[in-house]
Amino acid sequence: MEASAPPRNQWWDVWEQFRTHKGALFGLGFFIFALLFVFVGPLIWTIDPQYIDIRARNTGPSLAHPMGADQLGRDTMARMMAGGQTSIAVGLTAMLLALFVGTLIGVLAGYFKKLDGPLMRLTDLFLALPLLPLLLVIIMLFRDQLRAAFGPEGGIFILIVFVIGITSWMQTARVVRGDVLAIKEREFVLAAKSIGTRPSRMILRHILPNVMSPIMVSATLGIANAIITESALSFLGLGFPSDFPTWGRLLFDATDWLQQNPERVIWPGLAISLTVLSVNYIGDGLRDALDPRIRGR
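First residue of the sequence shown? That's 2 in my numbering, and the numbers climb one at a time after it.
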């Protein structure tokens with residue numbers, strides 16, 4: 002009698018399904034490249050992004066400056082790396098905040114019937130708010146206080162992460178709530194209730210592990226949304242200080258030199274577009290790979 006084959010690991014099945022999504026593989030590859038470019042690149046390309054070379058002002062791509070130099074003579078490649086660190090850090094941190102708030106509200110609304118109505122009305126209220134004017138008002142009100150408390154860069158980083166995170170959790174909350182409503186009627190949850198399992202243990206042990214799929218998909222889409230929002234705020238001049246590069250700030254600074262040096266607009270524009278596109282493709286691939294109705298086909 003032949004020995005039965007060992008059971009396949011669930012995450013291996015997820016990876017096998019993820020690999021079949023060509024766009025997701027492209028997205029994962031480019032996102033890894035972007036991370037290496039902005040975090041490992043400065044170890045190789047050691048030019049200070051704030052170093053001013055007067056002789057290189059407004060020059061195009063060359064051996065000394067592969068992406069050219071800006072109006073002050075600062076190396077564009079070095080500033081792209083430094084700006085990418087900030088933009089991606091804002092995206093990841095704001096995503097984590099939005100994911101925490103959205104998951105917390107979604108789980109509480111889905112599991113506790115008394116909290117469902119108030120929390121969902123709160124979610125609807127946030128969805129109805131005009132987000133861009135709200136972002137502008139919050140930044141204008143609290144920017145100077147946070148700059149004084151945490152410094153020009155640290156204060157703006159905290160403010161932008163908080164503003165993006167606190168206005169981006171609603172979709173996650175609604176998706177998680179729907180999944181929790183379905184899962185809490187499953188047999189294993191009812192069985193756990195019948196033996197007196199506490200709600201906190203029920204949520205941590207049985208509910209959360211079964212809503213990881215929408216949470217992970219929301220995480221990837223949240224990164225893209227945060228990068229776009231930070232770039233928009235920097236482009237409007239309400240983000241980081243002018244001497245602190247982000248991709249959005251580089252794009253804003255380059256618009257005045259569009260006709261003379263169009264490549265200065267192309268580099269940050271491509272970085273923002275391709276990074277957001279790659280993260281969206283990763284989200285699509287994860288959504289398909291984590292769906293048990295699709296996995297294994």
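For each residue, glycine too, the CB sits at the ideal point set by N, CA and C. Everything numeric in this text was worked out from a predicted model, so none of it was measured.
Can you tell me which of the three DSSP states residue i falls into?
i	result
Asp285	helix
Ile55	helix
Glu3	With a pLDDT of only 46 at Glu3, under 50, the local geometry of the prediction cannot be trusted, and no value is derived from it.
His1	Outside the shown range of the chain (2 to 298) lies residue 1, about which nothing can therefore be said.
Phe113	coil
Gly103	helix
Gln261	coil
Pro242	coil
Arg187	coil
Leu64	coil
Leu205	helix
Gly152	coil
Ile48	coil
Gly197	coil
Pro134	helix
Trp170	coil
Leu97	helix
Bridge partners of residue i, per DSSP?
i	result
Asp76	Ala70
Mind reading off the beta-carbon distance from residue i to residue j? Whole number of angstroms is fine, and I expect it under 8 Å.
i	j	result
Pro269	Gly111	No, Pro269 and Gly111 are not in contact; Cβ-Cβ is about 40 Å, not under 8 Å.
Arg56	Gly74	7 Å
Leu209	Val162	Incorrect: roughly 24 Å between the Cβ atoms, too far for contact.
Asp76	Arg265	Not really, about 12 Å apart at Cβ, beyond 8 Å.
Met171	Leu239	Not a contact, Cβ separation roughly 22 Å.
Val280	Phe32	6 Å
Pro216	Leu100	It should be pointed out that residue 216 corresponds to Ile in this sequence rather than to Pro. Their Cβ separation, rounded to whole angstroms, is 7 Å, which keeps Ile216 and Leu100 in contact under 8 Å.
Gly24	Tyr282	4 Å
Ser63	Ser232	No, Ser63 and Ser232 are not in contact; Cβ-Cβ is about 27 Å, not under 8 Å.
Leu291	Ser214	4 Å
Thr116	Leu109	For the sequence presented, residue 116 should be read as Leu rather than Thr. Indeed they touch by this definition, with Cβ atoms about 5 Å apart.
Checking 8 Å against the spacing of the C-beta atoms, do residue i and residue j come in under that value?
i	j	result
Pro119	Arg80	no
Arg175	Gly107	yes
Ile196	Val190	no
Val138	Val177	no
Ser219	Gly103	yes
Met82	Phe38	yes
Glu154	Phe236	no
Gln86	Phe158	no
Leu136	Leu234	yes
Leu160	Leu147	yes
Met299	Ala193	The chain is shown only over 2 to 298; residue 299 falls outside these bounds and no answer can be derived.
His59	Gln260	The sequence shown places Asn at residue 59, not His. The answer is no: Cβ separation not under 8 Å.
**Prompt:** Do three or more CB pairs link the segment 85-92 to the segment 222-235 at distances below 8 Å?
**Reply:** Yes, they touch.
**Request:** Answer yes if the segment 272-287 comes into contact with the segment 14-23, meaning at least three C-beta pairs across the two stretches below 8 Å, and no otherwise.
**Result:** Contact between the segment 14-23 and the segment 272-287 is present, because at least three Cβ pairs lie under 8 Å.
**Asked** If we count Cβ pairs, one from each stretch, closer than 8 Å, do we get three or more for the segment 167-176 versus the segment 239-254?
**Response** Judged by Cβ distances under 8 Å, the segment 167-176 makes no contact with the segment 239-254, as fewer than three pairs qualify.
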